[in-house]
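Chains as they are written, first to last, in our numbering: chain Y, 57 to 272; chain B, 57 to 272.
Ideal Cβ placement from N, Cα and C applies to all residues, glycine included.
2 protein chains.
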Amino acid sequence: MTSEKTIARLSLYRRLLGQLADAGTASVYSHQLAKSARVTPAQVRRDVMAIGYHGSPSRGYMVAELIKSIDDFLDAPQGQRAALIGVGNLGRALVAYFSGRRPQLSLVAVFDRDPKLVGKNFHGCPCSPVEQFAPTRNSLDIAIAIIAVPASEAQAVADICVKAGIHGILNFAPVPLNVPATVYVDNIDLTVELEKVAFFARSMNRRKTRPAPRRR
Amino acid sequence: MTSEKTIARLSLYRRLLGQLADAGTASVYSHQLAKSARVTPAQVRRDVMAIGYHGSPSRGYMVAELIKSIDDFLDAPQGQRAALIGVGNLGRALVAYFSGRRPQLSLVAVFDRDPKLVGKNFHGCPCSPVEQFAPTRNSLDIAIAIIAVPASEAQAVADICVKAGIHGILNFAPVPLNVPATVYVDNIDLTVELEKVAFFARSMNRRKTRPAPRRR
DNA sequence: GCTATGCTGTGATTAATGTAACGATTGCCG
DNA sequence: CGGCAATCGTTACATTAATCACAGCATAGC
């Protein structure tokens, strides 16, 4: 019912609100939050409405309360654990990036098929062989898989994840994955993104107008 | 005029077509290409229409010709060069990822403010201090900047890029950048993406239906 | 040559997404 | 204590994107 884009914006709002909270700000107006998130105030109000939080016309939104509401909406009560598969250059960078961000969403294990990597520890995550995915998933209650293997192996890895009962995949392999409709896949295709920028950079040079307000 | 999503799909089609060409396939039907790209056949036909290529009802699209058409549409005739700023964990992985992919879109320089990294070479890209960005941009004709610095420095780096005449930015820093309308920014916010997957993985577990057909 | 088949190209339609507009509400200031 | 200014909540509208559906063609088979 709540769209993908709304969820993405809520996640962004939460982080921005966290910064405000750190700075000691108690409340924000929709237009202030909109400005830092680079969206319209109406969009912010609509998104806030979607999670059932209510502000006051005079104070706007109470920062701490709104954060709490977004937490309640986005986070699983008992937290969620993720595993990363493919500890190459990109995989290692992602482990470093994701490690220790939020207790509610933590990276707890990594997998690779290279025996030289198995047994090593990456930011607190032990590396196991890919064959160990299913049992490890069960014992650690892993809900999310991050795929960072080469394109040629991505589908096979996705199949393993699906078979092990994973319902959410963040896929960095440049291949559209074939999974059942019960599994959510978010593809991040870095090559596509770069080529997109290249194209629009060109069109910006020609006519000096933006094709569409960029966001994310 | 041509939308962001269309460009992203064209980039994907091109790669898929390249694989077909390597396999010796001479022609494809829209439904075949649609299947590997995980979109509808009508979508493929529309996208192909957008670049002005025409297939034949009996043979479908000639693979080599269609690739050529997409190249003509997406690529700059004289090629485009990119630079990456911020050679941390993620930055290094990205350099490795983007290096030597396509001659038409090559990474030629990297920048960092850490003196220990300056002077080093990353996959053929010399590392310069960030202050050198503008002159290097001019001498190497850099059109695209990839920002992989910490959030706290991202805006300052973006300002440098804009001032140096960059019109396309691929931003990995988790901050919405403030740039003039003549600059195209594509934000890849990894935290947001992971939280999105976490949320939908949860909703998949509850009701066994997908909220929307996933693509990219 | 003629018909049947299956595909492309594209206008029409539907769905998704974002924006604008405006009544309702709250506190402030005189 | 009452109007004023500013903001929220929500419905209505606009815009964009994706799908449908079918006319028009090209080929293959007879």
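Which residues in the same chain as residue i place their Cβ atom closer than 6 Å to its Cβ, once the five residues preceding and following it in sequence are excluded?
i               : result
V231 of chain B : A207 and A210
G135 of chain B : Q160
P301 of chain Y : In the structure as shown, chain Y begins at 57 and stops at 272. Residue 301 of chain Y is therefore absent and cannot be evaluated.
V100 of chain Y : S86, L89 and A90
R272 of chain Y : Bear in mind that a pLDDT of 37 at R272 of chain Y, under 50, signals an unreliable position, so the number given afterwards is only what the model happens to contain. Excluding positions up to five away in sequence, the list is empty.
N261 of chain Y : none
S155 of chain Y : L163 and H179
So, for residue i: in the same chain, excluding its five sequence neighbours on each side, which residues have a beta-carbon less than 7 Å away from its beta-carbon?
i               : result
V84 of chain Y  : L76, G116, Y117 and V119
L73 of chain Y  : V119, L122 and I123
N243 of chain B : N227 and P232
R137 of chain B : S162, V164, L196, D197, I198 and A199
G175 of chain Y : C183
Going by the CB atoms, is the gap between residue j and residue i shorter than 8 Å?
i               : j               : result
L140 of chain B : V166 of chain B : yes
K252 of chain Y : A237 of chain B : no
L173 of chain B : C183 of chain B : yes
R148 of chain B : F178 of chain B : yes
I198 of chain B : V164 of chain B : yes
L226 of chain B : L226 of chain Y : no
D168 of chain Y : V186 of chain Y : yes
S125 of chain B : Y109 of chain B : yes
A229 of chain Y : A190 of chain Y : no
N194 of chain B : Y153 of chain Y : no
A254 of chain B : I222 of chain B : no
Out of the options, which has the shortest C-alpha to C-alpha gap to residue i?
i               : options                           : result
I123 of chain Y : Y:V174, Y:N243, Y:V186 and Y:L68  : Y:L68
A214 of chain B : B:G156, B:P191, B:V239 and B:I198 : B:V239
A212 of chain Y : Y:A82, Y:L233 and Y:S59           : Y:L233
G160 of chain Y : Y:G74, Y:D127 and Y:V151          : In the sequence as presented, Gly is not what sits at residue 160 of chain Y; that position holds Gln. Ranking the options by Cα distance to Q160 of chain Y, first place goes to Y:D127.
V205 of chain B : B:V95, B:V143 and B:T96           : B:V143
G224 of chain B : Y:A106, Y:A257 and Y:A138         : Y:A257
V104 of chain B : B:A132, B:A79, B:T58 and B:P133   : B:T58
R102 of chain B : B:D78, B:L66 and B:D131           : B:L66
E60 of chain B  : B:G80, B:A82, B:A106 and B:A79    : B:A106
V235 of chain B : Y:R94, Y:G80, Y:A82 and Y:D78     : Y:R94
T192 of chain Y : Y:D170, Y:P171 and Y:I216         : Y:I216
A132 of chain B : B:P113, B:D170, B:S112 and B:R158 : B:R158
Under DSSP, the beta strand (DSSP E) around residue i begins and ends at which residues?
i               : result
L163 of chain Y : L161 to D168
I202 of chain Y : I198 to I203
S125 of chain B : Element bounds for S125 of chain B: not the beta strand (DSSP E) but the alpha helix (DSSP H), V119 to L130.
G224 of chain B : G224 to N227
Q136 of chain B : Q136 to I141
Y240 of chain B : Y240 to N243
S112 of chain Y : Unbroken run through S112 of chain Y: none, as it is neither H nor E.
P185 of chain Y : C181 to P185
Since residue i is in the alpha helix (DSSP H), which residue starts that stretch and which ends it?
i               : result
R101 of chain Y : P97 to A106
Y69 of chain Y  : E60 to D78
V218 of chain Y : A207 to K219
L89 of chain B  : S86 to A93
V151 of chain B : N145 to F154
Closer than 8 Å by C-beta to residue i: which residues in its own chain qualify, once you throw out the five before and the five after it? Chain order, please.
i               : result
Q188 of chain B : F167
T81 of chain B  : V119
V218 of chain Y : V235, P236 and V239
D170 of chain Y : V143
Residues, ordered as in the chain, of the stretch 110-144 of chain Y that lie near chain B by beta-carbon distance below 9 Å: Contact annotation: in the stretch 110-144 of chain Y, residues whose CB is within less than 9 Å of a CB in chain B are F129, L130, D131, A132, Q136, A138 and G144.
Residues in the stretch 236-247 of chain B having any Cβ partner in chain Y nearer than 7 Å: Answer set for the stretch 236-247 of chain B: A237, T238, V239, Y240, V241, D242, N243, I244, D245, L246 and T247.
Closer than 7 Å, Cβ to any Cβ of chain Y: which residues of the stretch 183-206 of chain B, in chain order? A199 and I200
Using Cβ-Cβ distances below 9 Å, what residues of the stretch 58-83 of chain B are close to chain Y? T58, S59, E60, I63, A64, R65, L66, S67, L68, R70, R71 and L72
Contact set between the stretch 207-227 of chain B and chain Y, restricted to residues whose Cβ is under 8 Å from the partner: I222, H223, G224, I225 and L226
Taking Cβ-Cβ distances below 9 Å as the criterion, which residues of the stretch 83-103 of chain B are in contact with chain Y? S92, A93, R94 and V95
Could you name the residues of the stretch 152-182 of chain Y whose beta carbon sits closer than 8 Å to any beta carbon of chain B, in the order they occur along the chain? When CB distances to chain B are screened at a threshold of 8 Å, the residues of the stretch 152-182 of chain Y falling below it are A152, Y153, F154, R157 and L161, in chain order.
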